[in-house]
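In structure tokens, the structure reads:
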């Protein structure tokens, strides 16, 4: 009877890890994919492929990393904080490659979405990319569409 009146509180969830470059990239990829409020299997698969290729992970390891990144994206700092981590830990050329990867996630579902493009521009700007490099990444992605 008391259990129904005073149910036990669920234990606190496992604390999220401190973001590093790997987690920041994954969280930003998830953020781009979710910008249109539709998180599709094609986008999830593209994120897993990017994480696997970028960090040399096996498919299951990439999926686990993505799951952590999804939780981090929901509960952690905003785009500028993730971008700062990447600016501090990743050189400019690699950040340009990240922009290409993010575009591939945004277009993985076969649709262009204004919300995803706005999110991408915010991330690319926060990553410190030049206007020319931002435009080049966009053009390259749209040519492949």
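Numbering (the working numbering), first residue to last: 16 to 160.
C-beta atoms are modelled at their ideal positions from N, C-alpha and C, and glycine is treated no differently.
The Cβ neighbour count for residue 96, taken over all protein chains shown within 10 Å, is under 16; the residue is labelled exposed.
Within the segment 27 to 101, the complete alpha helix (DSSP H) runs of at least 4 residues fall at 36 to 49, 56 to 70, 74 to 90. By the Cβ rule, the segment 68 to 88 counts as touching the segment 34 to 44, because three or more pairs are nearer than 8 Å. Residue 103 carries a helical assignment under DSSP once its states are collapsed to helix, strand and coil. According to the DSSP assignment, residue 148 belongs to the alpha helix (DSSP H) that extends over 146 to 159.
A check of alpha carbon separations from residue 51 across 158, 149, 142, 125 identifies 125 as the nearest. When secondary structure is reduced to three states using DSSP, residue 123 falls in the coil class, being assigned neither helix nor strand. Minimum Cα-Cα distance from residue 139 among the listed residues 88, 127, 99, 128 corresponds to 99. In the three-state scheme derived from DSSP, where H, G and I count as helix and E and B as strand, residue 142 is classed as coil.
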